[in-house]
Amino acid sequence: MVTIRDLLKNHTNQVCYVRPDSTVYQALELMARENIGAVLVMEGEKLVGVMTERDYARKIILKDRASKETQVREIMSTELFLMHPDQGVEEALEMMSLKAVRHLPVAEGDKVLGVISILEVVQAIIQQRNETIRFYEEMDGER
């Protein structure tokens, strides 16, 4: 079983985050620099929200607001769905589907470890399924 911890091994050890009083523009700069679609919003060590490209599109662009003058706290998503690193990628996909989100923060106790995307989850599931298929094809070939 592929776990969320396995996905996090492909990440840098640094958790990308902004503060709630950061501007939306600052958050977008970080997201562009790190090539990510969501950024965690932290107050000290506490996770208080997530800002996504979807938040930006719907709450800034469509409402004709200024990203350099709007604080992240004004548009961030505060309903958080956390995953534990030892949960499987199938559980993450189910959570993403049920909650209609593309990014899930990962935490172990009070420690935030990062965020995973639906792309990473789907790629891991496809790879896992392909390995299973190859295993059974090899087993069938040995008969």
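The sequence shown begins at 0 in numbering that gives the first Met the number 0 and counts up by one.
We put the beta carbon where it would ideally sit given N, CA and C, even for glycine.
- Look at the beta carbons and you see the stretch 62 to 70 touching the stretch 18 to 25: at least three pairs across the two are nearer than 8 Å.
- Inside the stretch 16 to 44, DSSP marks whole alpha helix (DSSP H) runs of 4 or more residues at positions 23 to 33, from first to last along the chain.
- P104 and L92 have their C-alpha atoms some 13 Å from each other.
- Under DSSP, M50 shares a beta bridge with V38.
- Under the DSSP assignment, E130 falls in the alpha helix (DSSP H) whose first and last residues are I117 to G140.
- With fewer than 16 other CB atoms across the displayed protein chains lying within 10 angstroms of its CB, I132 is exposed.
- Buried is the label assigned to T51, since at least 16 other Cβ atoms lie within 10 Å of its Cβ.
- The beta carbon of G87 sits closer than 7 Å to the beta carbons of M0, V1 and T2 from its chain, once the five residues preceding and following it are set aside; these are given in chain order.
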